[in-house]
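Just so we're aligned: the sequence shown equals residues 1 to 377 in full-length UniProt numbering.
Backbone N, C-alpha and C define an ideal beta-carbon position, used for all residues, glycine too.
Only a predicted model underlies this, so the values are computations on that prediction, with no experimental measurement involved.
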Amino acid sequence: MRGKIYLTFCLLLVCSRVSFAQHYSIFPKFDDTPKVKELAKSITDTISKDSIKVLAIHKWIINNIDYDDELLEKEKNGRGFNIRKPDVFTWKNGLKDPTQVCSAVLKNEKALCRGYAFLFVALCSHSGIYADVVVGNVKDSTISKDETGHAWNIFQINKKWYLCDPTWDASLIKNPSPFEELKSPFENLPEEFLKSRCSIDPATQLVDNPQTLDVFFGKAVATNTAKLNFNEILNAEKGLKDEEKLFRKSTRMYNFNPNEYLGVCSLLYYYGSKIDSYIYQYFSNNKYINSSKTIDEMTNKALPLKKEMLRLAEQIKSNFNKVLPLIDKIKDTQYGVGINKNLIVKSMQQFYDEEKSLKSMYVQLETHRKNHPHPTK
């Protein structure tokens, strides 16, 4: 029964997270293969100044990586690539793990925006420069339709943050425009950048008064007057572990615009991951206990784990209570996430019943130990 509940709940979580579990901007793990390291070394090893390293990396990418029009068509014929659609950032070319992206880009010498953005971060990282991927939308009649998802970068040099869009710049190299001049990454002013590209994470817009996507697309009037200290936020997140950074970014996006799909799903993914992890640990411990052949063996195994298992149970319940209001924001059929709230609630109720059974078992084992202070080995 316990295994069935665990499997049922995990399958539900997998279904609910399939669209955003692979979200590369929230939880990126960049390629660490020798090929990427060697490329970074060949580009920047003889350069001492970080600013020149960035220019060299940017120049190499936009001159050597072509836009993958064929892959774009495949994605359009599949589910597309739209920040407000269910399949946002799913991998249509067999790349299920973001760690494979850079290697594939270098092998094919082609990429979509995510590939450009990943490669920029990977090369910067191996060159001692902090960079990150930014996800948002673009509006430019010469490049894309309204509300098309896009990815670009932020990076930091000498404590100052900058914006860079290798995809956009590569297109200007291949197809020069009389209306737009190719700029150095250090010439991209955030206010100008925001006219054509809007990040969903307000901090990575690099402006004091960030705007929502609805304001960006002219569907709403800006009402936000509170200033955002993006420097403080981004600097604080640089040294964080991936999990904590994920939580902070997700919470920030959700608080900035609770109606925006990505913020909701990112938080749902975060808490869902926590529940998944805790349930796995919980039942792993329980399985270990139940492998005992005698009640004395079970007592010796179970009682030391009691505190840990009860802690895990409380963590599961706590995170589930945070998931419920997020699930309420997404209909069962909306975005294709496959969430069925009733099934998840039913599964959690089964878990609660199992927890009661566990507590009852502990009472019996403690009584047994009390009556048998020297259990047989």
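Length of the line joining the Cα atoms of residue i and residue j
{"i": "Pro325", "j": "Asn259", "result": "13 Å"}
{"i": "Leu358", "j": "Tyr254", "result": "36 Å"}
{"i": "Leu267", "j": "Lys301", "result": "36 Å"}
{"i": "Leu194", "j": "Asn229", "result": "17 Å"}
{"i": "Met361", "j": "Arg311", "result": "16 Å"}
{"i": "Lys356", "j": "Gln349", "result": "11 Å"}
{"i": "Asp328", "j": "Phe186", "result": "43 Å"}
{"i": "Glu191", "j": "Arg197", "result": "10 Å"}
{"i": "Val314", "j": "Gly136", "result": "Val is not the amino acid found at residue 314; the sequence shown has Glu there. Going from the Cα of Glu314 to the Cα of Gly136 covers about 36 Å."}
{"i": "Asp296", "j": "Val363", "result": "14 Å"}
{"i": "Thr294", "j": "Ser318", "result": "34 Å"}
{"i": "Ala220", "j": "Thr212", "result": "9 Å"}
{"i": "Ile129", "j": "Val345", "result": "45 Å"}
{"i": "Ile43", "j": "Ser199", "result": "29 Å"}
{"i": "Leu106", "j": "Lys37", "result": "12 Å"}
{"i": "Lys307", "j": "Thr251", "result": "30 Å"}
{"i": "Ser141", "j": "Pro176", "result": "Low local confidence applies: a pLDDT of 49 at Ser141 is under 50, so the model's placement there is unreliable, and no value is given."}
{"i": "Glu232", "j": "Val134", "result": "17 Å"}
{"i": "Trp161", "j": "Leu72", "result": "30 Å"}
{"i": "Lys238", "j": "Glu180", "result": "33 Å"}
{"i": "Ala236", "j": "Ser125", "result": "18 Å"}
{"i": "residue 428", "j": "Glu244", "result": "What the structure shows of the chain is the stretch from 1 to 377, and residue 428 is not part of that stretch, so it cannot be assessed."}
{"i": "Glu70", "j": "Lys59", "result": "24 Å"}
{"i": "Val264", "j": "Glu109", "result": "35 Å"}
{"i": "His150", "j": "Thr46", "result": "33 Å"}
{"i": "Ser284", "j": "Lys35", "result": "38 Å"}
Residue i and residue j closer than 8 Å at C-beta
{"i": "Ile52", "j": "Pro166", "result": "no"}
{"i": "Ile154", "j": "Asp132", "result": "yes"}
{"i": "Ala111", "j": "Leu119", "result": "yes"}
{"i": "Phe256", "j": "Lys139", "result": "no"}
{"i": "Leu305", "j": "Ile289", "result": "yes"}
{"i": "Ile65", "j": "Ser127", "result": "no"}
{"i": "Ala117", "j": "Trp152", "result": "yes"}
{"i": "Leu206", "j": "Leu262", "result": "no"}
{"i": "Tyr278", "j": "Lys322", "result": "no"}
{"i": "Met309", "j": "Tyr280", "result": "no"}
{"i": "Leu234", "j": "Leu303", "result": "no"}
{"i": "Leu55", "j": "Ser171", "result": "no"}
{"i": "residue 379", "j": "Ile157", "result": "There is simply no residue 379 to check, as the chain begins at 1 and stops at 377 in what is shown."}
{"i": "Asp214", "j": "Lys227", "result": "no"}
{"i": "Arg369", "j": "Thr299", "result": "yes"}
Residues sharing a beta bridge with residue i, DSSP
{"i": "Tyr164", "result": "Checking the sequence, you will find Cys at residue 164 rather than Tyr. Paired residues: Asn153."}
{"i": "Cys124", "result": "Its beta-bridge partners do not exist; DSSP assigns none."}
{"i": "Ser177", "result": "Glu180"}
{"i": "Arg197", "result": "Val138"}
{"i": "Asp132", "result": "Ile154"}
{"i": "Lys110", "result": "Asp66"}
Cβ-based burial, residue i [other Cβ within 10 Å; buried from 16]
{"i": "Val101", "result": "buried"}
{"i": "Tyr24", "result": "With a pLDDT of only 31 at Tyr24, under the threshold of 50, the placement of this residue in the model should not be trusted; the figure read from the coordinates follows. So Tyr24 ends up on the buried side."}
{"i": "His372", "result": "exposed"}
{"i": "Arg114", "result": "buried"}
{"i": "Asp201", "result": "buried"}
{"i": "Ala203", "result": "buried"}
{"i": "Asp68", "result": "buried"}
{"i": "Leu13", "result": "Interpretation of Leu13 is limited by its pLDDT of 43, a score under 50 that renders its predicted location unreliable; the figure taken from the coordinates is listed afterwards. Buried, since its Cβ has 16 or more Cβ neighbours within 10 Å."}
{"i": "Pro210", "result": "buried"}
{"i": "Leu246", "result": "buried"}
{"i": "Leu189", "result": "exposed"}
{"i": "residue 378", "result": "This structure gives no information on residue 378, because the portion of the chain shown stretches from 1 to 377."}
{"i": "Ile173", "result": "exposed"}
{"i": "Tyr352", "result": "exposed"}
{"i": "Val121", "result": "buried"}
{"i": "Thr225", "result": "exposed"}
{"i": "Thr222", "result": "The displayed chain sequence assigns Ala, not Thr, to residue 222. Exposed, since its Cβ has fewer than 16 Cβ neighbours within 10 Å."}
{"i": "residue 380", "result": "Within the shown structure, residues of the chain are numbered from 1 to 377, placing residue 380 beyond reach of any answer."}
{"i": "Ser48", "result": "exposed"}
{"i": "Asn286", "result": "buried"}
{"i": "Thr367", "result": "exposed"}
{"i": "Ser347", "result": "buried"}
{"i": "Val337", "result": "Low local confidence applies: a pLDDT of 46 at Val337 is under 50, so the model's placement there is unreliable, and no value is given."}
{"i": "Asp97", "result": "Legend: pLDDT at Asp97 = 46, less than 50; position of this residue unreliable, no value from coordinates given."}
Any non-hydrogen atom of the ligand ZN within 7 Å of residue i CB
{"i": "Ala170", "result": "The ligand ZN is absent from the structure shown, which contains no ligands of any kind."}
Item to complete: Taking only runs that begin and end inside the segment 38-76, name each unbroken alpha helix (DSSP H) of 4 or more residues, in chain order.
Response: 50-64
Fill in: Length-filtered (4 minimum) alpha helix (DSSP H) runs lying within the segment 187-252
190-193, 213-216, 230-237
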